[in-house]
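Novice: Protein chains in written order, with the working numbering: chain A, 102 to 316; chain B, 42 to 51. First the structure, then my questions, so here it is.
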Amino acid sequence: MNIFRLCGDMTHLLSVVVLLLKIHTIKSCAGISLKTQELYALVFATRYLDIFTHHVSLYNTVMKIIFLGTSFTIVWYMRHHKVVRQTYDKEQDTFKHYMLIIPCFALALLIKTKFTPLEVLWTFSIYLEAVAIFPQLVLLQRTKNIDNLTGNYVFLLGAYRGLYLLNWIVRYFTEKGYRQWITWISGIVQTALYADFFYYYIKCWRNNEKLHLPS
Amino acid sequence: PKKEELKDEL
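Here you go:
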């Protein structure tokens with residue numbers, strides 16, 4: 102495992118910690134898209150079906166359990182916690198799940214490595230993760246006052262994807278015969294979705310302004 | 042096996 106992969110995973114973990122900090126400590130999920138969080142829970146549930154059958158390392162297994170557990174915990178908080186759920190911007194978070202789920206599933210049936218249920222679901226999870234941030238980005242654009250934790254949460258998620266790109270470049274040059282086109286192309290699409298957000302995040306940070314996105 | 046099938050990333 103190279104340094105970019107490790108930093109990518111740690112950034113991903115940190116993004117979850119930041120989100121849980123906001124939800125659990127401040128008891129607020131204002132500005133957070135439940136649609137995106139539900140899509141992430143679906144991404145991990147379909148990708149980690151092999152958790153007990155395909156052992157890579159203790160590190161991988163522990164991380165899988167953490168991402169599965171936290172994603173469902175976040176969804177539970179936003180839907181059912183009596184204080185947190187009242188801070189959810191339901192009227193603004195209007196993106197429809199099926200608009201992302203159906204095309205991703207269709208694509209997974211068409212473009213995959215093997216036609217087995219596990220393989221199709223794994224490929225589906227890769228495609229879905231690439232676009233799962235979309236409802237969150239739409240919600241951010243509609244939010245007038247983006248708080249620091251929400252801005253940092255999305256920044257950390259984008260940074261995690263950027264670090265994975267660097268990880269793949271290192272692996273391409275250091276591991277013989279290493280190719281994973283489905284993961285690479287989805288990863289590039291996923292990182293590109295953050296480009297606009299990054300631009301305004303850095304611009305506002307440099308100008309010492311509160312984060313705001315043009316609508 | 043091909044690396045694609047190893048699924049060693051998260």
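We put the beta carbon where it would ideally sit given N, CA and C, even for glycine. It should be emphasised that the depicted structure is a prediction, and the values quoted were computed from it without experimental measurement.
What span of residues does the alpha helix (DSSP H) with residue 181/A cover, start to end?
Specialist: It spans 159–181 - the alpha helix (DSSP H) in which residue 181/A sits, taken as one unbroken run.
Novice: Assign residue 237/A to buried or exposed, taking buried as 16 or more other Cβ atoms, counted over all protein chains shown, within 10 Å of its Cβ.
Specialist: With 16 or more other Cβ atoms within 10 Å, it is buried.
Novice: Does the beta carbon of residue 161/A sit closer than 8 Å to a beta carbon anywhere in chain B?
Specialist: Chain B, which has a Cβ nearer than 8 Å to the Cβ of residue 161/A, makes this yes.
Novice: Kindly list, in the order they appear in chain B, the residues whose Cβ is closer than 8 Å to that of residue 155/A.
Specialist: Correct list: 48.
Novice: Among residues of its own chain, excluding the 5 on either side of residue 253/A, which ones have a beta-carbon nearer than 6 Å to its beta-carbon?
Specialist: Result list for residue 253/A: 119, in chain order.
Novice: By the 10 Å Cβ neighbour count, where 16 or more other Cβ atoms means buried, how is residue 113/A classified, buried or exposed?
Specialist: Per the 10 Å Cβ criterion, buried.
Novice: The alpha helix (DSSP H) that contains residue 266/A, what's its start and end?
Specialist: That run of the alpha helix (DSSP H) goes 249–275.
Novice: Would a check of beta-carbon distances place residue 164/A closer than 8 Å to chain C?
Specialist: Any reference to chain C falls outside this structure, whose protein chains are A and B.
Novice: Which residues mark the beginning and the end of the alpha helix (DSSP H) in which residue 284/A is found?
Specialist: That run of the alpha helix (DSSP H) goes 282–294.
Novice: Starting from residue 227/A, trace the alpha helix (DSSP H) both ways and give me its first and last residue.
Specialist: Residues 218–232.
Novice: Could you give the DSSP three-state label for residue 192/A: helix, strand or coil?
Specialist: Residue 192/A falls in the coil class under three-state DSSP.
Novice: Could you round the C-beta distance between residue 259/A and residue 295/A to whole angstroms and report it? I think they count as a contact, below 8 Å.
Specialist: Indeed, because the Cβ distance is near 3 Å, the residues count as touching under 8 Å.
Novice: Counting contacts by CB-CB distance shorter than 8 Å, is residue 168/A in contact with chain B?
Specialist: It does; some Cβ of chain B falls within 8 Å.
Novice: In its own chain, which residues sit with a C-beta less than 8 Å from the C-beta of residue 111/A, not counting the 5 before and 5 after it?
Specialist: Cβ neighbours of residue 111/A beyond the five flanking positions: none.
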